[in-house]
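Read the structure below first, then the notes.
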Amino acid sequence: MRNHDTGFPRIDAEHDFLRARRRQVLSRLATWLRREPDDVNITLPFDEVVEALGREGEQRIGLRVIRLDSIVGSVDRGRDFDRRFRPTSARVRQRWERLALASRRGEHIPPIDVYRVGDLHFVIDGHHRVSVAYALGLSTIEANVIVVRTTLDPGGIRYRGDLIVKGYRRLFLERVPLRGEARAAVVVTDPWDYAELGEHVEAWGFRLMQDEGTFLDRATVAHRWYTDEYVPVVRMLRQADLVGDRTEAEAYLWVAGERYRLIRTHRWDDEVIEAVRSHRR
-18 MRNHDTGFPR
-8 IDAEHDFLRA
2 RRRQVLSRLA
12 TWLRREPDDV
22 NITLPFDEVV
32 EALGREGEQR
42 IGLRVIRLDS
52 IVGSVDRGRD
62 FDRRFRPTSA
72 RVRQRWERLA
82 LASRRGEHIP
92 PIDVYRVGDL
102 HFVIDGHHRV
112 SVAYALGLST
122 IEANVIVVRT
132 TLDPGGIRYR
142 GDLIVKGYRR
152 LFLERVPLRG
162 EARAAVVVTD
172 PWDYAELGEH
182 VEAWGFRLMQ
192 DEGTFLDRAT
202 VAHRWYTDEY
212 VPVVRMLRQA
222 DLVGDRTEAE
232 AYLWVAGERY
242 RLIRTHRWDD
252 EVIEAVRSHR
262 R
């Protein structure tokens, strides 16, 4: 039997709602006291997620049983529930309690409708049902699932702020269409670095076309930059112990900027590396 149950389903459904509201308020207070970002308890907006990742298509796969903790966002009802689908106000109370009462009486509850992006789910219809399921201690729920394919892997998305990095990375890969190992290797943490790196690669490609006297498309420039420039330079930086706590791409971008600032050259040799190392000290 659930904690605090009275044995009267209607009264217990009312208590379920009050407990869910209290937990939401306490969670919001804890977030404020810990000075965590404002988006920690906010459901992820589906449209912003797929825009950041790049939408490629979708497929309806039908009825599935999904984990409640995989549901992280909403299509259009984010203001009524927090990240764990606790009600954020009394506005949803009447409908919420009707569903809680039906669940306690063992009545059939229709499946929800969701989009699936990677391992994440976003509610199309059924926000109240998700909220009640959480409040009643369930771990799974039935859902009609539509799988959405995206250009970028949604891995690493936890909060709304993460979408900024994903969006800039998607734009970078449109400008610099790396593939396979190269695509996975070139990663930065500051979204603005993707914009700066994109400009750097385009400038490198322009100089390459000038040197060779021919036009190269973006895919060719990206491949040549990675194999002829990025990999050898990162290898030198590793040997010179100039990577540090950065990602390899961040180290490359930093040292490339320092190289030109200190020596006004685009070449790479021992003199360049020594100048950058000495300046760091």
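Residues in the sequence shown are numbered consecutively from -18, following the numbering used here.
Beta carbons: idealized from backbone N, C-alpha and C, even for Gly.
*Thinking C-beta only, is residue 71 closer than 8 Å to residue 113?*
Taking the first residue of the sequence shown as 1, we reach residue 113 at position 132. Taking the first residue of the sequence shown as 1, we reach residue 71 at position 90. 8 Å or more divides the Cβ of residue 113 from the Cβ of residue 71.
*Check whether the Cβ atoms of residue 73 and residue 102 sit closer than 8 Å, and answer yes or no.*
Sequence index remark: in the sequence shown, residue 73 carries index 92 (1-based). Sequence index remark: in the sequence shown, residue 102 carries index 121 (1-based). Against a cut-off of 8 Å, the Cβ pair of residue 102 and residue 73 comes out as no contact.
_Once the 5 residues before and after residue 45 are set aside, which same chain residues still bring their CB inside 7 Å of it?_
Position 64 of the sequence shown, counting from 1, holds the residue named residue 45. In its chain, beyond the 5 residues on either side, 124, 126 have a beta carbon closer than 7 Å to the beta carbon of residue 45.
*Does the beta-carbon distance from residue 84 to residue 93 come in below 8 Å?*
Your numbering for residue 84 matches position 103 in the sequence shown. Your numbering for residue 93 matches position 112 in the sequence shown. No, Cβ-Cβ distance for residue 84 and residue 93 is not below 8 Å.
*Cβ of residue 207 within 8 Å of Cβ of residue 233?*
Looking up residue 207 in the sequence shown gives position 226. Looking up residue 233 in the sequence shown gives position 252. In this structure, the beta-carbon distance from residue 207 to residue 233 does not fall below 8 Å.
*Can residue 26 and residue 51 be called in contact, C-beta distance under 8 Å?*
Here residue 26 corresponds to residue number 45 of the sequence shown, with the count starting at 1. Here residue 51 corresponds to residue number 70 of the sequence shown, with the count starting at 1. In terms of Cβ geometry, residue 26 and residue 51 do not form a close pair [threshold 8 Å].
*Grab me the residues of residue 120's own chain with a C-beta within less than 8 Å of its C-beta, minus the 5 sequence neighbours each way, in chain order.*
Translated into positions along the sequence shown, residue 120 becomes position 139. These residues qualify, in order along the chain: 48, 49, 50.
*Kindly indicate the opening and closing residues of the beta strand (DSSP E) around residue 93.*
Your numbering for residue 93 matches position 112 in the sequence shown. Start and end: 93 to 98.
*My guess is that residue 115 and residue 66 are in contact by the Cβ rule of under 8 Å, so how many angstroms apart are they, rounded?*
The sequence position of residue 115 within the sequence shown is 134, counting from 1. The sequence position of residue 66 within the sequence shown is 85, counting from 1. Contact flag correct, Cβ pair sits at about 5 Å.
*Can you name, in chain order, every residue of its own chain whose Cβ lies under 8 Å from the Cβ of residue 68, other than the five neighbours on each side?*
As a working note, residue 68 is residue 87 in the sequence shown. Non-local C-beta neighbours of residue 68 in its own chain, meaning closer than 8 Å and more than five positions away in sequence, comprise -2, 1, 2, 5, 61, 62, 74, 77, 112, ordered along the chain.
*asked:* Please list the terminal residues of the continuous beta strand (DSSP E) segment that includes residue 30.
replied: Position 49 of the sequence shown holds residue 30. Where residue 30 is concerned, there is no enclosing beta strand (DSSP E), although the alpha helix (DSSP H) around it starts and stops at 27 to 34.
*Every unbroken alpha helix (DSSP H) inside the stretch 40 to 105 [4 residues or more]*: Counting only runs of 4 or more, we get 74 to 85.
_Close Cβ partners of residue 23 (< 8 Å) along its chain, the five nearest in sequence each way excluded_ = Here residue 23 corresponds to residue number 42 of the sequence shown, with the count starting at 1. Correct list, in chain order: 59, 63, 64, 140, 141.
*Counting Cβ pairs, one atom from each stretch, are 3 or more of them under 8 Å apart for the stretch 191 to 200 and the stretch 154 to 161?*
Yes: at least three Cβ pairs fall under 8 Å.
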